[in-house]
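Here's the structure we're looking at; comments come further down.
Residue numbers (our numbering): 131 to 276.
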């Protein structure tokens, strides 16, 4: 039976198909891999102080005053990325016709993605580990699920 291993973080998505039809060791094949631009870089590189955002107000020496800051912008970016990753997971499982799949993502991202998956896709998930395996070598990834 073929299985799918999906390993993700905010910047990387990797899906491996594990075939065990032939006797001997299973065959692992990378079927999808991409890097997300949104997951790379610092927030300060993506968001800047817009002109006129901080005015000079009264007070001693005309100190700057802020009119509000986007405190939840990092969390919202993570939630958006999790929704997109969940959509990609649904698409690849449907495309490959997989009955059982394994999943790996770091703890916080793992729970955000699980919240966004359809119940029928969650039901097909056989193993879920809280670990970032996106940089793990293809030959080593299966060891983490056994």
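Yeah, the Cβ is synthetic: ideal placement off N, Cα and C, and Gly gets one too. If you're wondering where the values come from, they're calculated on a predicted model, not measured in any experiment.
Asked: Residue 215 and residue 133 closer than 8 Å at C-beta; Found: no
Asked: Three-pair Cβ contact test at 8 Å for the stretch 141 to 157 versus the stretch 238 to 249; Found: no
Asked: Contact under 8 Å by Cβ, residue 223 with residue 265; Found: no
Asked: Enclosing beta strand (DSSP E) for residue 236 [first to last residue]; Found: Careful: residue 236 lies outside any beta strand (DSSP E) and carries neither H nor E.
Asked: Backbone CA spacing between residue 220 and residue 164 [nearest angstrom]; Found: 16 Å
Asked: Cβ shell of residue 260 (< 6 Å), same chain only, five flanking positions each side left out; Found: 237, 240
Asked: Cα-Cα separation, residue 148 to residue 268; Found: 11 Å
Asked: Length of the line joining the Cα atoms of residue 159 and residue 209; Found: 29 Å
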